[in-house]
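**Student:** The structure follows.
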Amino acid sequence: MADTISDYQAVKRENTFLKQENDLLKSLNNELKCNNDLLKEKLVPHNFNMNNGVSTNTLSYQHKPAGSYSSALKTINNKPGLLIKSKSQSRAISNIDILKDVQSNINPVDQNVKIEGVRKIKNGIIVNCENDTSLNNLKSSVLNIFGSKYSAEPVKKFNPRIVLKDVDLQDSHKDEDIINEIFSLNDLEDFSQTELKIVTKLKFYNNINLVLELTPSLRNFIFTKGFLYIGWKKCYFSDHIRILKCKKCLSFGHIEKNCNFVQKCGTARRLEFGTETGYL
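Going letter by letter, the sequence shown gives residues 1 to 280 in UniProt numbering.
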């Protein structure tokens, strides 16, 4: 009986110690959490953007992350755009004044115009609309109100391009012969050869890659097949996306003359100039 009581008291004491240890661990965990929150407040400014890791005020423009290939690709806008420019040749009107005129005299609600965004360009603005109906409504409004002052024309879109890969052609092949061969071997009789042109030929090992520009309807048709017969081969292709790349910072979405980022070296070596230092 005495042994049973002794064992019970020992278990009870052990349980008490475990409970005290658990309380201490909880207290320690709360302290660590508080310390972590304090460190975050000290290290991360209040205006820090957690999506891209950049503080909008405390970091200079040139220290913000430059554009990546994927981010430049996302900025490609396929919405219809209206180009509004001044007709005056003698008196230049800034794009800011054009934008103010248009916004102060045209109400999108009254004209049933759905606008994606507005972009200022040299001597004018481009208004991207949701669809062709909105674009036509906006164009009519601009011409009715500012017909003698501004011109309004839809932005001309580029035809899509594809890369026809690993094509086995001899140097003697002319562009006309290549196009004729593509149409003859791939059942494209419903299309005109004027809908396809060769932009450039890129060396690819012992063969070449053909960059082709074609109309959207022709592009959609051949993409249902996924390949083209040409010469002695069945060649596959993919979309050729035109992306701007800066030779100064090696990033995408802008060119060198418009670059405000730190210069970077194209090799693994350090590059110093003035007070700035750039790395790959």
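Note that CB positions come from ideal geometry on N, CA and C, so glycine has one too.
Short of 8 angstroms in beta carbon distance, which residues of its chain neighbour K248, apart from the five on each side in sequence? Order them along the chain.
**Tutor:** So the list reads E256, C259, F261, Q263 and K264, once near-sequence residues are dropped.
**Student:** Do you know how far the Cα of K100 is from the Cα of K157?
**Tutor:** Roughly 26 angstroms between the two C-alpha positions.
**Student:** Answer yes or no: do D87 and K149 have a C-beta to C-beta separation smaller than 8 angstroms?
**Tutor:** It is worth fixing the name first, because residue 87 is Lys in this sequence and not Asp. For K87 and K149, yes; Cβs fall inside 8 angstroms.
**Student:** Between E189 and L214, how many whole angstroms is the CB-CB distance? I'm expecting something under 8 angstroms.
**Tutor:** Contact flag wrong, Cβ pair sits at about 15 angstroms.
**Student:** Specify whether the stretch 207-221 and the stretch 158-168 touch according to this definition: at least 3 beta carbon pairs, one from each stretch, less than 8 angstroms apart.
**Tutor:** A contact exists between the stretch 207-221 and the stretch 158-168.
**Student:** DSSP three-state label for N209, please.
**Tutor:** Strand at N209.
**Student:** Rounded to whole angstroms, what is the Cα-Cα separation between residue 281 and K233?
**Tutor:** Given that the chain is displayed from residue 1 to residue 280, the structure contains no residue 281 and the question cannot be resolved.
**Student:** How close, in whole Å, do the beta carbons of K165 and N209 come, if the pair is a contact with beta carbons under 8 angstroms?
**Tutor:** Yes, they are in contact, since the Cβ atoms of K165 and N209 sit about 5 angstroms apart, within 8 angstroms.
**Student:** Count Cβ pairs between the stretch 103-112 and the stretch 141-148 that sit closer than 8 angstroms; are there 3 or more?
**Tutor:** A contact exists between the stretch 103-112 and the stretch 141-148.
**Student:** Classify F17: buried if its beta carbon has 16 or more other beta carbons within 10 angstroms, exposed otherwise.
**Tutor:** So F17 ends up on the exposed side.
**Student:** Tell me whether V11 is buried or exposed, calling it buried when 16 or more other Cβ atoms sit within 10 Å of its Cβ.
**Tutor:** Exposed.
**Student:** Alpha carbon to alpha carbon, how far is K120 from Q89? Give it in angstroms, no decimals.
**Tutor:** Going by the C-alpha atoms only, they are around 19 angstroms apart.
**Student:** Determine the direct distance from the alpha carbon of I241 to that of S251, and round the result to whole angstroms.
**Tutor:** Cα to Cα, S251 sits roughly 16 angstroms from I241.
**Student:** Quick check on L169: does DSSP put it in helix, strand or coil?
**Tutor:** Coil.
**Student:** From the DSSP output, in three-state form, read off V113 for me.
**Tutor:** Three-state result, V113: coil.
**Student:** Helix, strand or coil, according to DSSP, for F227 in the structure here?
**Tutor:** Looking at F227 - three-state DSSP - the assignment turns out to be strand.
**Student:** Suppose the cutoff is 6 angstroms on Cβ atoms and the five residues either side in sequence are ignored; what does the same chain contact list for Y279 look like?
**Tutor:** Confidence at Y279 is low in this model, with a pLDDT of 40, below 50, so the placement of that residue should be treated as unreliable; the coordinate-derived value is given next. Same-chain partners within the cutoff: there are none.
**Student:** Should A92 be labelled buried (16 or more other beta-carbon atoms within 10 Å of its own) or exposed?
**Tutor:** Exposed, by the Cβ-count rule.
**Student:** Using CA coordinates, which residue listed in F191, I178 and D187 is at the minimum distance from K201?
**Tutor:** Looking at the Cα atoms, I178 is the closest of the given residues.
**Student:** Starting from the C-beta of S151, find all residues in its chain whose C-beta is less than 6 angstroms away, skip the five residues before and the five after it, and write them out in chain order.
**Tutor:** Answer for S151: K85 and K87, listed in chain order.
**Student:** Helix, strand or coil: how does DSSP classify E195 here?
**Tutor:** Helix at E195.
**Student:** Verify whether the separation of the beta carbon atoms of G231 and D168 is less than 8 angstroms.
**Tutor:** Yes, the pair counts as a contact, with Cβ atoms nearer than the cut-off.
**Student:** DSSP has N159 in a bridge; who is on the other side?
**Tutor:** According to DSSP, N159 bridges with nothing at all.
**Student:** Could you spell out the range, first to last residue, of the beta strand (DSSP E) harbouring L82?
**Tutor:** Run containing L82: G81 to S86, per the beta strand (DSSP E) assignment.
**Student:** Given a cut-off of 8 angstroms on the beta-carbon distance, is the pair L212 and V199 in contact?
**Tutor:** For L212 and V199, yes; Cβs fall inside 8 angstroms.
**Student:** Might you give, ordered along the chain, the residues of its own chain that have their beta carbon closer than 6 angstroms to the beta carbon of V113, omitting 5 neighbours on each side?
**Tutor:** For V113, where only same-chain residues beyond five positions count, the Cβ hits under 6 angstroms are S134, N137 and L138.
**Student:** Have a look at D187, N206 and C129 and flag the residue whose alpha-carbon is nearest the alpha-carbon of I222.
**Tutor:** When only C-alpha atoms are compared, the closest one is D187.
**Student:** Got a sec? Which residues, its chain only, sit under 8 angstroms from E181 by beta carbon, not counting five neighbours each side?
**Tutor:** Around E181: I230 and G231.
**Student:** Can you list, in chain order, the residues of its chain with a C-beta nearer than 6 angstroms to that of H63? Leave out the 5 residues immediately preceding and following it.
**Tutor:** With a pLDDT of only 47 at H63, under the threshold of 50, the placement of this residue in the model should not be trusted, and no figure is reported.
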